[in-house]
Amino acid sequence: MRTVFSIMIDAVAYGMVLFIISIGLSIMMGLMRVVNLAHGAFAMIGGYLASYAIRDLHVHYSVAILMAVVGTIIVSIPFEILLYRRIYRKSDPLIQVLMTIGITFFIIGIVNFIFGPSLKSIPLPQTLSGPLDIGFRMLPTHRIFVIACGVVTALALWLLIEKTEFGIKLRASVDHSGMADALGIRTEIIYAVTFALAIGLGAFGGVVGAEILPIEPFYALRYMVTFLVVVSVGGAGSILGALSASLLLGLADTTGKYLAPEFGDFFFYLSVIVVVFLFPHGLFGRSHA
Amino acid sequence: MSEIVATQVPHKRSIPFGQEAAGALSIIVLGAIGYFLYPDDLAFLTRLIGIAFLVLSLDLVTGYCGVATLGHAAQFGVGAYAAGIACVRGITDPIALLAIGVFAGTIMGLISGALITRFRGLPQLVLSIAVGQLVAALANKLSWLTGGSDGLSGITPGKVFGIFNFDMYSRTAFLFSLGVLVIVFVLLQRFVRSPFGLMCRGMKDDDLRAKMIGVSIYPRLVVMYGVAGAVAGIGGALTAISTGVVGLDSVSFERSAEVLVMLVLGGAGHLWGALAGTIIFMIFEHIVAAANPFHWMTLVGLLLILIVVFAPRGLIEPVLSLASRFKRKGEAA
Chain A
1 MRTVFSIMID AVAYGMVLFI ISIGLSIMMG LMRVVNLAHG AFAMIGGYLA
51 SYAIRDLHVH YSVAILMAVV GTIIVSIPFE ILLYRRIYRK SDPLIQVLMT
101 IGITFFIIGI VNFIFGPSLK SIPLPQTLSG PLDIGFRMLP THRIFVIACG
151 VVTALALWLL IEKTEFGIKL RASVDHSGMA DALGIRTEII YAVTFALAIG
201 LGAFGGVVGA EILPIEPFYA LRYMVTFLVV VSVGGAGSIL GALSASLLLG
251 LADTTGKYLA PEFGDFFFYL SVIVVVFLFP HGLFGRSHA
Chain B
1001 MSEIVATQVP HKRSIPFGQE AAGALSIIVL GAIGYFLYPD DLAFLTRLIG
1051 IAFLVLSLDL VTGYCGVATL GHAAQFGVGA YAAGIACVRG ITDPIALLAI
1101 GVFAGTIMGL ISGALITRFR GLPQLVLSIA VGQLVAALAN KLSWLTGGSD
1151 GLSGITPGKV FGIFNFDMYS RTAFLFSLGV LVIVFVLLQR FVRSPFGLMC
1201 RGMKDDDLRA KMIGVSIYPR LVVMYGVAGA VAGIGGALTA ISTGVVGLDS
1251 VSFERSAEVL VMLVLGGAGH LWGALAGTII FMIFEHIVAA ANPFHWMTLV
1301 GLLLILIVVF APRGLIEPVL SLASRFKRKG EAA
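Those protein sequence lines, which keep their order, are chains A and B. Numbering-wise, the first sequence is residues 1 to 289 according to the numbering used here. Numbering-wise, the second sequence is residues 1001 to 1333 according to the numbering used here.
Right, here's the structure in full:
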């Protein structure tokens, strides 16, 4: 029972980290149809910025998160204007894959040139580092914090997309960008704002999840596949899909690592193949064809 | 797009097998330059040839059929492991090992083709990655067979044709690989201009139109994947034979991504583009990555972005258009 419970907590925390990072990618793919392999690279920039802010500028954890998110969005603006705009909604996935792999390599090289090629820790504040007593069991506070962050992110995004005017315009652009354009919705602004939102979420997830997915020189490459798989299994553009896919994959991966460490990766990718083969548009996705 | 087809299929072929002979001759000349000018780097050049097979193979599916894949190293790795395991278990004739590599690569190609080419876009990409990672995970876990993370070592192939021994300067390995490359390249030149190859290119340019004229796309793509797997398998087997070890890097995601970069650098959709990309990339990597791997990554990233933005058809394109203009001038005169 104790093992099951700790597996569950770890799995849910891991799934939430995957969710926070991948949901940005998922929204981007749903709206702009960009297979953005560089998403992890922006999460990595966020992690490096937060680590720098805490360890060298000695600011508080919350300020560091804010700095990381804003800093990453600022860094990403030139990429959006110069590169991403060219590949929005272009149907050839090869061009998108190549450009975003190029961006990933470029960011990895530059980031490691500036910050040095070593593992970056993001020290937690006192309130988050210890265990938390929830009455019948002690839990690591950080895990609870991560799960709370994931839940808040999901709710906030749901409110944003379903209840606000921006959300209405965004959904209109997803459904038919040409028609949305014709009705006077400035789709290029929607795209730019969504891009910033997606990158900001990625950076946020990178910082918050640094305890679970450590920030290291090849972070962007190592987890590139994982984030892409989450979006693909969940279905591009769906919050519910990304959330359930994250939790599912988090559970599968964590359970696999606890119970059968020998064949963890094997079963992970086997299940991915089966799911994608049976549901090519993801569990909650829609066909864009 | 019609431009490319026009340059690839001449109206009348003046010399029979002229293109093939020219191709074979150019590779032999390039090989001779490498052999005589850089005798100390033959091991590296042999590795380059091995990778060139993988890039050619990727060109068949990506350049000619438009399949976006990030798991192509699987075919290469399966060929390498099959040849390596056979060699450790007692089959030492290099030709037989090559055949084993081809066979294993073809099987792997057919399996992954059947999975990957079923869809387009994101599902295709994710399936290709997942297949590649699955093979990598298997290679890592079946350590009694593959050596696991230590790699498979102790591959000591016998003499080529019973005469030429593999020496430590890799002279035999280099010449053997070069010979195989010439043969495969000539065969591929014929293959991509066959009705089958041309139809694959038609499907890439417009799959709906191809469907409308009655082409069943999926079986063709799977067959093409099988051919590509065979080519990659040769590369894998050659690498296993010449280096004597097979490591996990031969099935890794990085390898798949790298060969895609090489292909696009040279120019997808041309066999020469694949070769040129391999040569340029590998030589640059040999020089720059030795100095600082992160500068290398920055450089590759920048190069890739520039290529996609300014020369999406690769570096071979200006050369080809120059050549076709030259040819047209010659015909007019």
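Note that CB positions come from ideal geometry on N, CA and C, so glycine has one too.
Considering only A:Gly235, A:Gly209, A:Met67, A:Gly237, the residue with the shortest C-alpha distance to alanine 11 of chain A is A:Gly209.
Serine 51 of chain A and lysine 120 of chain A have their C-alpha atoms spaced approximately 6 angstroms apart. The beta carbons of valine 1192 of chain B and leucine 1271 of chain B sit about 7 angstroms from each other, so the pair counts as a contact at 8 angstroms. Under the Cβ distance rule, methionine 1297 of chain B counts among the residues neighbouring chain A, one pair being separated by less than 8 angstroms. Contact residues of the stretch 9-26 of chain A toward chain B are absent (C-beta to C-beta distance below 8 angstroms). Among the CB atoms of chain A, one or more fall inside 8 angstroms of the CB of threonine 1062 of chain B. Counting C-beta atoms within 10 angstroms of its own C-beta, glutamine 126 of chain A has fewer than 16 neighbours from the protein chains shown and is therefore classed as exposed. Short of 7 angstroms from the beta carbon of alanine 1139 of chain B, and not among the five residues preceding or following it, lie these beta carbons of its own chain, in chain order: Gly1077, Tyr1081, Thr1146, Leu1248, Val1251. In the DSSP assignment, leucine 240 of chain A falls within the unbroken alpha helix (DSSP H) covering 239-259. Runs of the alpha helix (DSSP H) lying entirely within the stretch 4-88 of chain A and spanning at least 4 residues, in chain order: 39-56, 61-79.
Counting every other CB atom within 10 Å of its CB across the protein chains shown gives glycine 235 of chain A a total of 16 or more, marking it as buried. In this structure, the beta-carbon distance from asparagine 1165 of chain B to threonine 1156 of chain B does not fall below 8 angstroms. At a cut-off of 8 angstroms between beta carbons, phenylalanine 266 of chain A contacts chain B.
Taking C-alpha positions only, methionine 1199 of chain B is separated from methionine 8 of chain A by approximately 52 angstroms. Within the DSSP bridge table, the entry for methionine 138 of chain A names A:Asp133 as partners.
When A:Val276, A:Val275, A:Leu259, A:Glu165 are compared, the shortest CA-CA separation from threonine 3 of chain A is found for A:Leu259.
Proximity of lysine 1141 of chain B to chain A, defined by a Cβ-Cβ separation below 8 angstroms, is satisfied. Lysine 90 of chain A carries a coil assignment under DSSP once its states are collapsed to helix, strand and coil.
Legend: CB atoms of the stretch 1179-1208 of chain B lying less than 8 angstroms from CB atoms of chain A are not found in any residue. Neighbours of phenylalanine 1253 of chain B in chain A, taken as residues whose beta carbon is under 7 angstroms from its own, are Val225 in chain order. When C-beta distances to chain A are compared with 7 angstroms, every residue of the stretch 1076-1096 of chain B stays at or above that value.
Neighbourhood of valine 97 of chain A in chain B, by CB distance below 8 angstroms: Ala1068, Leu1070, Leu1125, Leu1260, in chain order.
Valine 274 of chain A is classed as exposed because its beta carbon has fewer than 16 other beta carbons within 10 Å across all chains shown.
About 18 angstroms separates the beta carbons of alanine 192 of chain A and isoleucine 45 of chain A, which is beyond the 8 angstroms limit, so they are not a contact pair.
Scanning chain A for C-beta atoms nearer than 7 angstroms to the C-beta of phenylalanine 1119 of chain B yields Pro280, reported in chain order. For a Cβ distance threshold of 7 angstroms, nothing in chain A lies close to proline 1219 of chain B: the least Cβ distance comes to about 18 angstroms.
With respect to the 8 angstroms criterion, glycine 1109 of chain B and glutamine 1133 of chain B are not classified as neighbours on the basis of their beta carbons. If only uninterrupted alpha helix (DSSP H) runs of at least 4 residues are considered, those enclosed by the stretch 1103-1167 of chain B are 1122-1141, 1143-1146.
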